[in-house]
Amino acid sequence: MTRRRWALLGVLSPPLAAVLVLMAGVLTPGYDPVDRTISRLAAPGGTTAAAALVATCLVALSCFVVAMSIHARVSRWALIVAGVGLFLTDVFRLDDASATSTVLHRLASGVAVGGLVVAPLGYGPISVVIGAVEVGLLIVALPLLPTSFDAWGLWERCLLALPLAWMVLVAARVIVSSEAAINTSRATSSRSG
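Below is the structure:
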């Protein structure tokens, strides 16, 4: 698969995941996205668990495909780590009946968030700004740590929106630069031929 096609998947996956999460939240009785995390949508027995799991897989896929389409080594590895963490959050879901599964889910979530925060920091100047805002959001979360995770929904969405938007922009930039390279190559070929 070409860099351009990888990047196209990187552009499409995050918005599709966001739509799935939005729909799952609307269809889940009593679900409040300001208070509840996305992981609660995927809890065993949830009416929209499958949609939430697919959404997480789409974001993980986006991490991998954007990693495949960029050259910045730190960002690439951070996205791979984030993608693995996201897949593990689907394997180990929040489960009130299983403390082990819940702990593993939270560890995997931490790994995923770490990768998503580091990825922009290693990419370029505007990306560093996005990464710095994400670090700021992590600092804002410190007072939330002793609370139950039932009040983290809005914070989680803000934290995830930044790297997902960043991945879409980076992937779109790869597509544009690939198009420019193709057009330059065609122009050079037609002049020399």
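So our numbering is basically just the index in the sequence shown, starting at one, shifted up by 6.
The C-beta atom is built at its ideal place from N, Cα and C for all residues, glycine as well.
Hey, out of the options, whose CA is closest to residue i's CA?
{"i": "Val32", "options": "Ile145, Ser19, Val182 and Ala58", "result": "Ala58"}
{"i": "Val117", "options": "Val17, Ile86 and Pro152", "result": "Ile86"}
{"i": "Ser115", "options": "Tyr129, Phe98, Asp102 and Gly128", "result": "Phe98"}
{"i": "Thr108", "options": "Pro50, Arg179 and Val60", "result": "Pro50"}
{"i": "Ser68", "options": "Ala125, Gly16 and Ile132", "result": "Gly16"}
{"i": "Leu92", "options": "Asp101, Leu47 and Arg112", "result": "Arg112"}
{"i": "Leu94", "options": "Asp102, Val119, Leu151 and Met74", "result": "Val119"}
{"i": "Ala279", "options": "Arg10, Val27 and Arg42", "result": "Any question about residue 279 goes unanswered here, given that the chain covers just 7 to 199."}
Which term fits residue i, buried or exposed, when burial requires 16 or more other beta carbons within 10 angstroms of its beta carbon?
{"i": "Ser19", "result": "buried"}
{"i": "Thr34", "result": "buried"}
If you run the structure through DSSP and keep just helix, strand and coil, what is residue i?
{"i": "Ala78", "result": "coil"}
{"i": "Arg42", "result": "coil"}
{"i": "Ser183", "result": "helix"}
{"i": "Gly201", "result": "Missing from the structure shown is residue 201; the chain here goes from 7 to 199 and no further."}
{"i": "Phe98", "result": "coil"}
Hey, how far is the Cα of residue i from the Cα of residue j?
{"i": "Ile44", "j": "Val65", "result": "12 Å"}
{"i": "Val176", "j": "Asp156", "result": "32 Å"}
{"i": "Val80", "j": "Leu110", "result": "25 Å"}
{"i": "Trp161", "j": "Ala147", "result": "8 Å"}
{"i": "Ala23", "j": "Met29", "result": "10 Å"}
Would you kindly report the start and end of the unbroken alpha helix (DSSP H) that includes residue i?
{"i": "Trp12", "result": "Arg9 to Leu33"}
{"i": "Thr53", "result": "Unbroken run through Thr53: none, as it is neither H nor E."}
{"i": "Pro131", "result": "Pro131 to Ala147"}
{"i": "Ser6", "result": "Residue 6 is absent from the structure shown; the chain starts at 7 and stops at 199."}
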